[in-house]
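Just so you know, the protein sequences line up as chains G and S, in that order. Quick note on my numbering: the first sequence kicks off at 32 and runs consecutively. Quick note on my numbering: the second sequence kicks off at 32 and runs consecutively. These notes concern the structure reproduced below.
Number of protein chains: 2
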Amino acid sequence: MPDAPNTPETADPPDASLDAVKALVFDVFGTVVDWRGSVIREGEALGRRLGLAVDWERFADEWRRVGYRDAIARVRRGDLPWMNADALHRRQLDAQLQAYGIAGLAEAEIDHFNRVWHRLDPWPDSVPGLTRLRHRFVLSPLSNGSFALLTNMAKRAAIPWDCILSTELVRAYKPDAAAYAMAHTLLNLAPHEVMLVAAHAGDLRAARACGLRTGYVPRPLEHGPGGPQEPEPDAAFDVVATDFEALAGRLGT
Amino acid sequence: MPDAPNTPETADPPDASLDAVKALVFDVFGTVVDWRGSVIREGEALGRRLGLAVDWERFADEWRRVGYRDAIARVRRGDLPWMNADALHRRQLDAQLQAYGIAGLAEAEIDHFNRVWHRLDPWPDSVPGLTRLRHRFVLSPLSNGSFALLTNMAKRAAIPWDCILSTELVRAYKPDAAAYAMAHTLLNLAPHEVMLVAAHAGDLRAARACGLRTGYVPRPLEHGPGGPQEPEPDAAFDVVATDFEALAGRLGT
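Here you go:
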């Protein structure tokens, strides 16, 4: 049981009960980066170049929902063989190119567009907050994105990870327990020495069930202005913060 | 076959035939860091504190030779069950503490000393050279060191890796082919788009057999002044450089 109940955010003092935490691992899509805004932006640029009238907001939302979220659920149920996130994204992209009447792209162009998920932009507070946090903690993504995706994304956006933890390393997908266990096992830490930071309550609940500490950073714009919102934080989450700068303050960095 | 035969080192022009290389992966112990000097230094400090007369050069060399090199060979032969480098190091440390008559250390002190391998210092040219190379290439260790060891070492010494590739991820040890295949598979690259950089000819030969490009950076002081030397470079190695700064020059960064 966490000994630091969810309390209102304050600038200080830092939460001493979290002193045992040595590593912070982060959900990435939505939590660290604005996947929706980034995909829409590249889609619009592609549309202008090809002279297409496509609803790129709908295109991005469908790609994410059907091609990633639902597809991961199918892999976890055994309805699809295991494949990494790049392969899942490509599967859905091929279907949507046809459904949206986008024709004439060369294979290299389709592959490039599929890798838009490697080129997502961080939220404005992400890199400044992580830069503060890295003085005290080992920082890593803990994401269902592929290993190459997470590596390329960090290099492009200068995200200061200390290592890359992709669930591809254990051929599992969050919220499988194997995904969370990988984090503390590879870092040679106890579960309570690792905190998952995420914008998604379900991810945090699964991490907590595996013994990890939990940091909730809601991202109200993940699904766009007026988009669906995550639920109120569980009372059991260890830290709730409005962004990564606030999280750094709460954790004493 | 490499199309860039081993040629004398020159400041420029960069070797155009290596244009396909997108990632550089590095052997670590001996190639990036001075394991011997670092272990001796911490050993001497421990000896002073405990008032011990121990030959720390011999201690370090034996720990490395028996506890790591020979032990990895035994794991690869199946004479020892798979365990990561920290466990191999600890196994030998326990034996040597007894053999050298070093008694009275608390468990936490032994564990700390075992992690001296997480606190190795880079050669003076390593971080400056990598800092140049990272503008053009994805950089990663490709080491038999444990994932936590490589992560902690990089954080302490500010080694600018983009990700951490430990052979622990595939429960293999170099020179097993699985170790080299992991590198290009996880980075989603073809074998010839990845170059192994190492101070050890045997490592490079095994990488080359798996299709990787090869960069040889001899480290004549790895085993101390007057210590044993690696053989002359194979004619088949793609690049030979005296240090990481020279390697950066050869690769056009």
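Note that CB positions come from ideal geometry on N, CA and C, so glycine has one too. Since this is a predicted model, take the numbers as computed values, not measurements.
Original post:
Any beta-carbon of chain G closer than 7 Å to the one on K186 (chain S)?
Top reply: Counting from 1 along the second sequence, the entry for residue 186 (chain S) is found at position 155. So, interface residue.
Original post:
So is S157 (chain G) buried or exposed if we call it buried at 16+ other beta carbons inside 10 Å?
Top reply: In the first sequence, counting from the first residue as 1, residue 157 (chain G) sits at position 126. By the neighbour-count rule (16 or more Cβ atoms within 10 Å), S157 (chain G) is buried.
Original post:
Helix, strand or coil: which one does DSSP assign to L243 (chain G)?
Top reply: Working through the first sequence from its first residue, we reach residue 243 (chain G) at position 212. L243 (chain G) falls in the coil class under three-state DSSP.
Original post:
Under 8 Å Cβ-Cβ, which residues of chain G neighbour N145 (chain S)?
Top reply: In the second sequence, residue 145 (chain S) corresponds to position 114, counting from 1. Correct list: empty, because the minimum Cβ distance to chain G is about 11 Å.
**OP:** Taking 8 Å as the threshold, find out whether the region 109-124 of chain S comes into contact with the region 75-84 of chain S through three or more Cβ pairs.
**Re:** no
Subject >> Residue-chain proximity (A272 (chain G), chain S), Cβ-Cβ < 7 Å >> reply: As a first step, residue 272 (chain G) is located in the first sequence; it is residue number 241 there, counting from the start. Chain S, which has no Cβ nearer than 7 Å to the Cβ of A272 (chain G), makes this no.
Original post:
Buried or exposed: T273 (chain G), going by 16 or more other Cβ atoms within 10 Å of its Cβ?
Top reply: Here the question's residue 273 (chain G) lines up with position 242 in the first sequence. By the 10 Å Cβ count, T273 (chain G) comes out exposed.
**OP:** Can you say whether S285 (chain S) is buried or exposed, counting buried as having 16 or more other CB atoms within 10 angstroms of its CB?
**Re:** Residue 285 (chain S) is absent from the structure shown; chain S starts at 32 and stops at 284.
Original post:
At a cut of 8 Å, does the region 193-208 of chain S reach the region 242-251 of chain S through at least three beta carbon pairs?
Top reply: no
**OP:** State the start and end residues of the unbroken beta strand (DSSP E) segment that holds A54 (chain S).
**Re:** Within the second sequence, numbered from 1, the residue matching residue 54 (chain S) stands at position 23. Taken as a continuous stretch (DSSP letters only), the beta strand (DSSP E) holding A54 (chain S) covers A54 to F57.
Subject >> Inside the region 61-124 of chain G only - alpha helix (DSSP H) runs reaching at least 4 residues >> reply: 66-81, 87-95 and 102-108
**OP:** Indicate whether Q123 (chain S) and V97 (chain S) have their beta-carbon atoms separated by less than 7 Å.
**Re:** By 1-based counting over the second sequence, the position of residue 123 (chain S) is 92. By 1-based counting over the second sequence, the position of residue 97 (chain S) is 66. Yes.
Subject >> Presumed contact (8 Å Cβ cut-off) between R150 (chain G) and S69 (chain G), rounded CB distance >> reply: Residue numbering aside, residue 150 (chain G) sits at position 119 when the first sequence is read from its first letter. Residue numbering aside, residue 69 (chain G) sits at position 38 when the first sequence is read from its first letter. About 7 Å separates the two Cβ atoms, so the contact holds.
Original post:
Along the chain, where does the beta strand (DSSP E) that runs through L173 (chain G) open and close?
Top reply: On the first sequence, position 142 is the one that residue 173 (chain G) refers to. V169 to S174 is the extent of the beta strand (DSSP E) around L173 (chain G).
Subject >> Coil, strand or helix - V248 (chain S) by DSSP >> reply: Locating residue 248 (chain S) in the second sequence gives position 217, counting from the first residue. Three-state DSSP puts V248 (chain S) in coil, outside helix and strand.
Original post:
Which value, in whole angstroms, describes the spacing of the CA atoms of M213 (chain G) and V52 (chain G)?
Top reply: Against the first sequence, residue 213 (chain G) aligns to sequence position 182. Against the first sequence, residue 52 (chain G) aligns to sequence position 21. About 16 Å.
Subject >> Straight-line gap, E224 (chain S) to A185 (chain G) (C-alpha atoms, nearest Å) >> reply: Locating residue 224 (chain S) in the second sequence gives position 193, where the first residue counts as 1. Locating residue 185 (chain G) in the first sequence gives position 154, where the first residue counts as 1. Their Cα atoms are separated by approximately 20 Å.
Original post:
For F57 (chain G) and chain S, any beta-carbon pair shorter than 7 Å?
Top reply: Residue 57 (chain G) sits at position 26 when you count from the first residue of the first sequence. Not an interface residue.
**OP:** Flag this pair as yes or no: are the beta carbons of P206 (chain S) and T162 (chain S) separated by less than 7 Å?
**Re:** Here residue 206 (chain S) corresponds to residue number 175 of the second sequence, with the count starting at 1. Here residue 162 (chain S) corresponds to residue number 131 of the second sequence, with the count starting at 1. Not closer than 7 Å, so no.
**OP:** Whole angstroms is fine: what's the gap from H143 (chain S)'s alpha carbon to L235 (chain S)'s?
**Re:** Counting from one through the second sequence, the residue named residue 143 (chain S) turns up at place 112. Counting from one through the second sequence, the residue named residue 235 (chain S) turns up at place 204. About 32 Å.
Original post:
Do R67 (chain S) and A91 (chain S) come within 7 Å of each other at the CB atom, strictly closer than that value?
Top reply: Position 60 of the second sequence, counting from 1, holds the residue named residue 91 (chain S). Position 36 of the second sequence, counting from 1, holds the residue named residue 67 (chain S). Closer than 7 Å, so yes.
Original post:
Using a Cβ-Cβ cut-off of 6 Å (strictly less than) and excluding sequence neighbours within five positions of V270 (chain G), which residues of its own chain qualify?
Top reply: Here residue 270 (chain G) refers to the residue found at position 239 of the first sequence. Once the five neighbours on either side are set aside, the close Cβ partners of V270 (chain G) are G246 and R281.
Original post:
Which whole-angstrom value describes the C-beta separation of V201 (chain G) and L55 (chain G), a residue pair presumed to lie in contact below a C-beta threshold of 8 Å?
Top reply: By one-based count along the first sequence, residue 201 (chain G) stands at place 170. By one-based count along the first sequence, residue 55 (chain G) stands at place 24. With 8 Å as the limit, V201 (chain G) and L55 (chain G) do not qualify as a contact, their Cβ atoms being about 20 Å apart.
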